[in-house]
Each structure stands twice: as structure tokens, then as C-alpha cells.
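Chemist: What follows is a structure written as C-alpha cells; I'll ask about it next.
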Amino acid sequence: ETHDLRFASPATVSRMGMIFLSDEDLDVARLVQKWLSAFPQERRMAMSSWIDELFYKALDFVLRSELTVETTLVGTVMNGLSQLKDVTTRQEFVCGLIRGIGGNLSLANRTALAKEIFQWANERPPDFGSPLDCHADGSRFEAFTGAAL
């Protein structure tokens, strides 16, 4: 089995019935809308607003950064969305976005991304010098403590 066409032989591709779409052919907004369609209407509206406000800016940041592991645009988008499925508040969205979309960045780039996301959201982590060292508890940010680690 293969997860990437770069490593698949033509015979494997024909047997699997894969259709290859290059990153240039992908409409990220449609992919995100498809992901959002699984949520109830009220949650979808809030999530859509937060995605429009923060997700696409964060995606642009990541696409301009060096990734620690090579991946596709779809992989990057889905990683970003993967940590957002259970969020119910904007603060949880901010933390989930940092974890999901920043997960394939170096620590320095992930920290820079976190600072940007907090600024875009007009939010402040408990320690702006260490924006990765916090989590959202409902609608507020809390620093990780020894007990939480």
C-alpha cells in the first residue's frame, strides 16, 4: 500500500483507481467546506467564522515556512483541521490551530506561528515568551503546570 503517488508504480495506481490532484489543482476552501459540513449548523457557523479569521492566515504562514517532514497541501490542511474537531470556544480554536497546523514546523517556527495566531486573534497567552506552553480551558488560556504535563 502507498500513501503517496511518488512511491507508487503505474500498476499500483491503476489497481487502486487513484486520481492524482496536484497541489495547484486543489481548492483549499472547498476542502475546508467539506470538512465543516460534518458539523451541526450552529457549530459550523462559529467554526467557519474562526476559520475565515485565523485558519487561512496560519496556513499561509506554514506554507512559507520550512516543514520538518515533507507533506502535501492536503496533508497540511488536514493536520490543521485535525485538532479543531472538538473545539467549542474561540480560545480552544486558537490552541487547536497552533497544535494542528503548526505540528510540522520546527520549534522556533511553531513559536513564531503561535505568537502570530494569538495576535491575529487579539488574545494573549499566559506567557507571551512561551506561547506554546498553554492550553484553553473553555474561554480562557491557562499555563501548563507541572501537574498538567
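Each residue of the sequence shown is one higher than the one before, counting from 161 in this note's numbering.
Cβ coordinates follow ideal geometry from the N, Cα and C atoms, glycine included.
Would you list the residues sitting across from Glu302 in a DSSP beta bridge?
Modeler: In DSSP, Glu302 forms a bridge with His295.
Chemist: Which one of Leu292, Ala198, Arg166 has the shortest CA to CA distance from Leu257?
Modeler: Of Leu292, Ala198, Arg166, the residue nearest in Cα terms is Leu292.
Chemist: Between which two residues does the alpha helix (DSSP H) carrying Leu196 extend?
Modeler: Element bounds for Leu196: 188-196.
Chemist: What is the C-beta distance between Ala281 and Leu214, in whole angstroms, given that I count them as a contact (C-beta under 8 Å)?
Modeler: That pair is a contact at about 6 Å.
Chemist: Taking 6 Å as the limit between beta carbons, can you name the residues of its chain near Pro285, skipping five residues before and five after?
Modeler: Within the same chain, Pro285 has close Cβ partners Phe278, Pro291, Cys294, Phe301.
Chemist: Can you check which of these residues, Cys255, Val237, Gln251, Leu233, is closest to Leu196 by C-alpha distance?
Modeler: With distances taken between Cα atoms, Leu196 lies closest to Val237.
Chemist: Note down, in chain order, each residue of its chain lying with its Cβ closer than 6 Å to the Cβ of Gly235, except the 5 sequence neighbours on either side.
Modeler: Closer than 6 Å at the Cβ level, and outside the excluded window around Gly235, lies no residue.
Chemist: When you compare each of Leu241, Ala296, Glu230 to Val188 by their alpha carbons, which one comes out closest?
Modeler: Considering only alpha carbons, the answer is Leu241.
Chemist: Roughly how many angstroms lie between the CA atoms of Asn269 and Leu227, to the nearest whole one?
Modeler: For Asn269 and Leu227, the distance between alpha carbons rounds to 9 Å.
Chemist: How is the alpha helix (DSSP H) around Gln279 delimited, first residue to last?
Modeler: Taken as a continuous stretch (DSSP letters only), the alpha helix (DSSP H) holding Gln279 covers 267-280.
Chemist: Look at the alpha carbon of Asp287 and the alpha carbon of Arg250, and state the distance between them as a whole number of angstroms.
Modeler: Between Asp287 and Arg250, the C-alpha separation is close to 19 Å.
Chemist: Using the beta-carbon count (16 or more within 10 Å), is Leu267 buried or exposed?
Modeler: The residue in question, Leu267, is exposed, as its Cβ has fewer than 16 Cβ neighbours within 10 Å.
Chemist: Rounded to whole angstroms, what is the Cα-Cα separation between Gly298 and Glu252?
Modeler: Rounded to the nearest angstrom, the two C-alpha atoms are 7 Å apart.
Chemist: With the cut-off set at 8 Å, would you say Ala218 and Leu265 are in Cβ contact?
Modeler: Not closer than 8 Å, so no.
Chemist: Can you tell me which of the three DSSP states Leu233 falls into?
Modeler: DSSP places Leu233 in helix when its eight states are reduced to three.
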